[in-house]
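Peer 1:
Number of protein chains: 2
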Amino acid sequence: MTQVAIVTFDGFNELDSFGASTIINRCRKSGLDAWITTPTPTVTSMNGVQITGQRTMDFIAKADVVLIGSGVKTRDVVADDQILSMLTLSPSRQLIGAQCSGSLVLARLGLLGDMPVCTDVVTRPFVEACDVKVLDKPFHAVGSIATAGGCLASQYLAAWVILRTLGEEAVRSAFHYVAPVGEEDTTVAHVLDVIQSSTW
Amino acid sequence: MTQVAIVTFDGFNELDSFGASTIINRCRKSGLDAWITTPTPTVTSMNGVQITGQRTMDFIAKADVVLIGSGVKTRDVVADDQILSMLTLSPSRQLIGAQCSGSLVLARLGLLGDMPVCTDVVTRPFVEACDVKVLDKPFHAVGSIATAGGCLASQYLAAWVILRTLGEEAVRSAFHYVAPVGEEDTTVAHVLDVIQSSTW
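These protein sequence lines map, in sequence, to chains C and P. Mapping of the first sequence onto the working numbering: position 190 corresponds to residue 297, and the numbering continues sequentially without gaps. Mapping of the second sequence onto the working numbering: position 189 corresponds to residue 296, and the numbering continues sequentially without gaps.
#1: Taking 6 Å as the limit between beta carbons, can you name the residues of its chain near Leu191(C), skipping five residues before and five after?
#2: DSSP on Gly204(P), reduced to helix/strand/coil?
#3: Tell me the rounded alpha-carbon separation between Thr145(C) and Pro223(C).
#4: To test your reading of the DSSP string, which unbroken beta strand (DSSP E) runs of 3 or more residues are found completely within the stretch 231–291 of chain P?
#5: Okay, do the stretch 121–130 of chain P and the stretch 290–304 of chain C touch, 3+ Cβ pairs below 8 Å being the bar?
#6: For Met153(P), which residues of its own chain have a beta-carbon under 7 Å away from its beta-carbon, when the five flanking residues on both sides are left out?
#7: At 3 residues or longer, and completely inside the stretch 121–199 of chain P: list those beta strand (DSSP E) runs for me, N to C.
#8: With DSSP collapsed to three states, give me the class of Val295(C).
#9: Given a cut-off of 7 Å on the beta-carbon distance, is the pair Ser137(P) and Ala277(P) in contact?
#10: Just the Cα atoms here: how many angstroms apart are Thr163(C) and Phe166(P)?
#11: Quick one: give me the first and last residue of the alpha helix (DSSP H) that Val212(P) is part of.
#12: Would Phe125(C) count as contacting chain P if we go by Cβ distances under 7 Å?
#13: Indicate the three-state DSSP secondary structure (helix, strand or coil) for Val224(P) in the structure shown.
#14: Chain P partners of Lys244(C), CB-CB under 7 Å?
#15: Are the CB atoms of Ala112(C) and Val185(C) nearer to each other than 7 Å?
#16: Give a yes or no on whether the C-beta atoms belonging to Val156(C) and Cys258(P) are separated by under 7 Å.
#17: Check the Cβ-Cβ distances between Thr129(C) and every residue of chain P, and say whether any is below 7 Å.
#18: Any Cβ of chain P within less than 7 Å of the Cβ of Val235(C)?
#19: If you check the beta carbons only, do Thr226(C) and Val241(C) fall under 7 Å apart?
#20: Just the C-alpha distance for Cys207(C) and Arg215(C), rounded to the nearest angstrom, thanks.
#21: Check each candidate in Arg279(C), Ala141(C) and Ile252(C) and name the one with the smallest Cα separation from Arg200(C).
#22: Would you identify the three-state DSSP class for Val301(C), choosing helix, strand or coil?
#23: Strictly by DSSP, which residues pair up with Phe119(C)?
#24: Is any heavy atom in the ligand MG found nearer than 6 Å to the beta carbon of Asp292(C)?
#25: According to DSSP, is Val111(P) helix, strand or coil?
#26: With a cut-off of 7 Å, does the C-beta of Cys134(C) fall near any C-beta of chain P?
#27: Among residues of its own chain, excluding the 5 on either side of Cys134(C), which ones have a beta-carbon nearer than 7 Å to its beta-carbon?
#28: Below 7 Å between beta carbons: does that hold for Val234(C) and Leu211(C)?
#29: Might you give, ordered along the chain, the residues of its own chain that have their beta carbon closer than 7 Å to the beta carbon of Ala170(P), omitting 5 neighbours on each side?
#30: Taking the alpha-carbon of Lys53(C) as reference, which of Tyr263(C), Asp238(C), Met193(C) and Pro232(C) has the nearest alpha-carbon?
#31: Taking the C-alpha atoms as reference points, what is the distance between Gln161(P) and Gly220(C)?
#32: Can you list the residues of chain P that Gly256(C) reaches, using a CB-CB cut of under 9 Å?
#33: I want to verify the contact list: residues of chain C whose CB lies under 7 Å from the CB of Thr159(P), in sequence order.
#34: Report the option in Ile175(C), Arg279(C), Val288(C) and Ile143(C) whose CA atom is closest to the CA atom of Val298(C).
#35: Counting only beta-carbon atoms, is Ala170(C) nearer than 7 Å to chain P?
#36: For a quick check, are the C-beta atoms of Ser305(P) and Phe246(P) less than 7 Å apart?
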């Protein structure tokens, strides 16, 4: 099984972490396993929902894919050397994605080089302060690193992970299922267009 | 504050419950408060994520809006008279919505009359067995009852709740924020078109 860590911090945005994990787990039978990965046994969302982590931070180094979720406390995360030291990411071996303020984590870890990123409007100035260019786009991927901006763009991160690990037919199948009824074909076409036109 | 119960059972689909609750809670400052409401202190999602409920089932009778989430155990829910007895819904006083297999709960409670519904492909035959017509659409609302089909249609339920309680400008504002970056205007227009063309 291809192991996917959905890194989820205290104050997390539920749409961001679950938007990716639920869609990726539609491919469990095809070999993808996504797990909510947390620095503490439980974390509480920005709207007060407490969840129990499924994997500890050790899992990140073993995972094949790591997606950094977003939330209202990411600026605390990037100021916390202990948490940052647990984020042992390896772009040469792993697919790495970040959602909204998760891009600030990748910037702070120095993983972006001269790659521009997508993020949300609130996080944008903090990412730019790291000398990283922010795009007016929902999704951008270069090599093994992808970023997405806007809560509902978490579906693009999920699609990118599925495309890179299982291929286009698996993307079509997963999105045909999760799409609004009657909007299956337009959803599949749009998602594939966004990620394929923004992958370098 | 307008109180919204997001009824969430064991085996729940994360996209369905959180797709609605996170977007509705974007309107907290405008007066909408959504809470994950569960029959047991904790419930575990279809992908094994344990969450702690924010409200007990007593909250349903007091809420202004009740959305029934979806999951892989809804057929157990509708066979459990004890759980059904906790679902004290009042269409004359409350807005009531159901996501995917949540429509089966409304059918079993006899709340639908001759109203057709939206649901997912797996649930469809079970809803039809209750003599309820299923539409090939993502969203349908009649009066105070709305149903949605397909995980990502949970955003339409959220939009309907915001439209009915706060009005169109609040829908525009919430979806402008949660939309993928660069897709704000098309997302807002599409969401409003879907719910306004399917509300009777």
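Note that the Cβ used here is the ideal one computed from N, Cα and C, for glycine as well.
Peer 2: If we stick to the structure as given:
#1: The beta carbon of Leu191(C) lies closer than 6 Å to none in the same chain, with the five residues before and after it left out.
#2: Strand, per DSSP.
#3: Distance between the alpha carbons of Thr145(C) and Pro223(C) is about 27 Å.
#4: Within the stretch 231–291 of chain P, the complete beta strand (DSSP E) runs of at least 3 residues fall at 246–249 and 252–255.
#5: Under the 8 Å Cβ criterion, the stretch 121–130 of chain P does not count as touching the stretch 290–304 of chain C, having fewer than three qualifying pairs.
#6: Within the same chain, Met153(P) has close Cβ partners Gly118, Phe119, Asn120, Gly178 and Val179.
#7: If we require 3 residues or more, the beta strand (DSSP E) runs fully inside the stretch 121–199 of chain P come out as 139–144, 149–151, 157–159 and 172–175.
#8: It is helical.
#9: Less than 7 Å separates the beta-carbon of Ser137(P) from that of Ala277(P).
#10: Spanning the two alpha carbons is a distance of roughly 34 Å.
#11: Gly209 to Arg215 is the extent of the alpha helix (DSSP H) around Val212(P).
#12: At a cut-off of 7 Å, the C-beta of Phe125(C) has a neighbouring C-beta in chain P.
#13: Three-state DSSP puts Val224(P) in a strand.
#14: Per Cβ cutoff of 7 Å: Val288 and Gly289.
#15: Taking 7 Å as the cut-off, the Cβ atoms of Ala112(C) and Val185(C) do not count as close.
#16: Their beta carbons are not under 7 Å apart, which means Val156(C) does not touch Cys258(P) by this criterion.
#17: For Thr129(C), the closest Cβ of chain P is nearer than 7 Å.
#18: It is Glu, not Val, that sits at residue 235(C) in the sequence shown. For Glu235(C), no Cβ of chain P is located within less than 7 Å of the residue's own Cβ.
#19: The beta carbons of Thr226(C) and Val241(C) sit closer together than 7 Å.
#20: Taking C-alpha positions only, Cys207(C) is separated from Arg215(C) by approximately 14 Å.
#21: Measuring from the Cα of Arg200(C), the nearest candidate turns out to be Ile252(C).
#22: If DSSP states are grouped into helix, strand and coil, Val301(C) belongs with the helices.
#23: In DSSP, Phe119(C) forms a bridge with Gly178(C).
#24: Questions concerning the ligand MG fall outside what the structure shown contains, since it holds no ligand whatsoever.
#25: Judged by DSSP in its simplified three-state form, Val111(P) adopts strand.
#26: For Cys134(C), the closest Cβ of chain P is not nearer than 7 Å.
#27: Result list for Cys134(C): Ile269, Leu273, Ala277 and Ala281, in chain order.
#28: Contact flag set, yes.
#29: So the qualifying residues of the chain are Gln110, Val111, Ala112 and Gln201.
#30: Missing from the structure shown is residue 53(C); chain C here goes from 108 to 307 and no further.
#31: In a straight line, the C-alpha of Gln161(P) is about 42 Å away from that of Gly220(C).
#32: Those are Pro287, Val288 and Gly289, listed as they occur along chain P.
#33: In chain order: Gln157.
#34: For Val298(C), the nearest C-alpha among the options comes from Arg279(C).
#35: Closer than 7 Å: no.
#36: Their beta carbons are under 7 Å apart, which means Ser305(P) touches Phe246(P) by this criterion.
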